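For the sequence shown, the tail end lands on 386 under this note's numbering, and the numbers increase by one without skipping.
Reviewing the structure listed below.
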Amino acid sequence: MRILVAGGAGFLGSHLVDALLKNGDQVWCLDNLQTGSRSNLGHARGFPGYQFIEGDVREALPELAELEFDQIYNLACPATPKCYQMDPIGTLRTNIIGTLNLLEYCVSQNARLLQASTSRVYGDPLVHPQPESYVGSVSCIGPRSCYDEGKRAAETACYDYRLVHGVDVRIARIFNTYGPRMAIDDGRVIPRFITQALVGDPLTIHGTGSQTRSFCFVSDTVEALMRLMNCETAGIGPVNVGNPTELTVEELAELVVGITDSPSRFIHEDARNDDSRLRRPDISCARKLLGWDPKVAPAVGLADTVSWFRGRMRNVRGISKT
Ligand code: NAD
Numbered sequence: 065m066r067i068l069v070a071g072g073a074g075f076l077g078s079h080l081v082d083a084l085l086k087n088g089d090q091v092w093c094l095d096n097l098q099t100g101s102r103s104n105l106g107h108a109r110g111f112p113g114y115q116f117i118e119g120d121v122r123e124a125l126p127e128l129a130e131l132e133f134d135q136i137y138n139l140a141c142p143a144t145p146k147c148y149q150m151d152p153i154g155t156l157r158t159n160i161i162g163t164l165n166l167l168e169y170c171v172s173q174n175a176r177l178l179q180a181s182t183s184r185v186y187g188d189p190l191v192h193p194q195p196e197s198y199v200g201s202v203s204c205i206g207p208r209s210c211y212d213e214g215k216r217a218a219e220t221a222c223y224d225y226r227l228v229h230g231v232d233v234r235i236a237r238i239f240n241t242y243g244p245r246m247a248i249d250d251g252r253v254i255p256r257f258i259t260q261a262l263v264g265d266p267l268t269i270h271g272t273g274s275q276t277r278s279f280c281f282v283s284d285t286v287e288a289l290m291r292l293m294n295c296e297t298a299g300i301g302p303v304n305v306g307n308p309t310e311l312t313v314e315e316l317a318e319l320v321v322g323i324t325d326s327p328s329r330f331i332h333e334d335a336r337n338d339d340s341r342l343r344r345p346d347i348s349c350a351r352k353l354l355g356w357d358p359k360v361a362p363a364v365g366l367a368d369t370v371s372w373f374r375g376r377m378r379n380v381r382g383i384s385k386t
């Protein structure tokens, strides 16, 4: 297969590129390096079948027109509030114009597209857990709207290209994914807790800590994305990809402190604006359609992630107090 991974230098994309190369596919990674880095794929350089293109999905990319892709994964978009809120208009453009541009390649190259959507399309859900049929409770003018509404518009673009041009689209609504290669300072709860625990600082819990999240280890998410892309059922609707094991933020903090064997305590700060109280996927559709279930237990995935963070933090001067 000839496969384009847009956003392939990011956390999730780089693990996907690894899995595709392992499969023997030819992989082009397209990335503008806004939040990703070449070092995430340093090991892939020189791998037969791997090429990196520095480029932006919002722009016309004539070099792509020459390459006949079979499949395009669209993961291009900053995924953390800290990063996507820095340039909200840019985030909207990446989601809307970027997705439309990739869909145009799918039309001309007869390629299949997998769109990395998000659990944030459900907003602050009034239905729990969230099945794909839930239409969401989303603010279109909040601090996260550029991302949430951008991803919703991208889903619409995919369905309209299916309707009008017959493009074979797949939509993965990804819930929180974690693992090695997350950016240490990306502000999400797992990197924050791990770095705080490793240096012995108090773990900062926003709000009461009773808000829940479901965390899926990156290898499980990548497996689901590949199964969804290669599933031969026609006309598939959006599919939730996540781990239904629900943890409160306080339980997560306790797990991290245990795994790192840290003396850290917890401090509570104000709840964040626009933050969901509950988020857990209903994955019956992924189970039925893809025969997929996450395999990695939180304690195992977190231990793996902690050991990667330990290695990174040793190399980052000023973060480690030891
Ligand atoms: P990430 O920020 O690590 O990766 C995103 C990649 O896209 C980066 O390499 C970045 O440089 C690139 N990019 C951003 N804008 C671009 C543009 N305009 N043109 C080309 N490249 C661009 O994020 P991630 O965690 O790997 O997430 C990947 C995708 O999965 C995103 O679309 C995100 O919305 C989605 N997702 C991730 C999670 C998660 O928990 N990680 C959850 C839900 C959805």
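Just so you know, even glycine gets a beta-carbon here, dropped at the ideal spot from N, CA and C.
In this text, all values refer to a predicted model and were calculated from it rather than measured experimentally.
In the structure shown, the three-state DSSP call for C147 is helix.
Using a 10 angstroms sphere on the CB of L76, the tally of other CB atoms reaches 16 or more, which defines it as buried. N294 has its alpha-carbon roughly 22 Å from the corresponding atom of P195. Residue pairing by DSSP puts C280 in a beta bridge opposite T241. Taking one beta carbon from each stretch, the region 294 to 311 and the region 321 to 332 have fewer than 3 pairs nearer than 8 Å; the two do not touch. A direct Cα-Cα distance of roughly 21 Å separates F279 from A73. For the options E123, R102, P126 and V121, the alpha carbon positioned closest to that of Q115 is the one of R102. The C-beta distance from I136 to C170 rounds to 6 Å, short enough to fall under 8 Å. Between the region 103 to 113 and the region 125 to 145, the count of C-beta pairs closer than 8 Å stays below three; the two stretches do not touch. Proximity to T144 across A288, G251, N307 and S348 peaks at G251, based on C-alpha coordinates. Leaving aside the five residues that flank V91 on each side, the residues in its chain whose CB is nearer than 7 Å to its CB run, in chain order, I67, V69, V81, L84, L85, G113 and Y114. Per DSSP, Y114 lies in no alpha helix (DSSP H) segment; the continuous beta strand (DSSP E) that holds it begins and ends at Y114 to E118.
Only residues of its own chain outside the window of five on either side were considered, and among them V313, E314, A317, F330, I331, H332 and E333 have a CB closer than 8 Å to the CB of I269, listed in chain order. For the alpha helix (DSSP H) assignment, the uninterrupted runs of no fewer than 4 residues enclosed by the region 172 to 244 are, from N- to C-terminal side, 209 to 229.
When DSSP states are grouped into helix, strand and coil, C349 belongs to the helix group. A straight line joining the alpha-carbon of N96 with that of E213 spans about 22 Å. F75 sits in a helix when the DSSP states are folded into three classes.
If only uninterrupted alpha helix (DSSP H) runs of at least 4 residues are considered, those enclosed by the region 280 to 314 are 282 to 294.
Of the heavy atoms belonging to the ligand NAD, at least one sits nearer than 7 Å to the Cβ of P142.
With a cut-off of 7 Å, the C-beta of S274 is classified as distant from the ligand NAD, since no heavy atom of the ligand falls inside that distance.
Within 10 angstroms of the beta-carbon of S181 lie 16 or more other beta-carbons, which makes it buried. A direct Cα-to-Cα measurement between V191 and E287 gives close to 27 Å.
Separation of the CB atoms of V303 and L353 is rounded to 7 Å, and the pair is thereby assigned contact status at 8 Å. Per DSSP, the continuous alpha helix (DSSP H) segment holding A261 begins and ends at V253 to V263. N87 counts as exposed, since fewer than 16 other beta carbons sit within 10 angstroms of its beta carbon. A Cβ-Cβ separation of about 7 Å places T163 in contact with C222 under the 8 Å criterion.
Taking 8 Å as the upper bound for CB-CB distance, P193 and P358 are not in contact here, some 14 Å apart. In the DSSP secondary-structure assignment, D95 is bridged to E118.
Judged by pairs of C-beta atoms under 8 Å, the region 248 to 263 does not touch the region 198 to 210, as fewer than three such pairs exist.
In this structure, the C-beta of S103 stays at least 7 Å away from each heavy atom of the ligand NAD. Distance check between W356 and each of V305, A218, L105 and D249 places V305 closest, using alpha-carbon atoms only.
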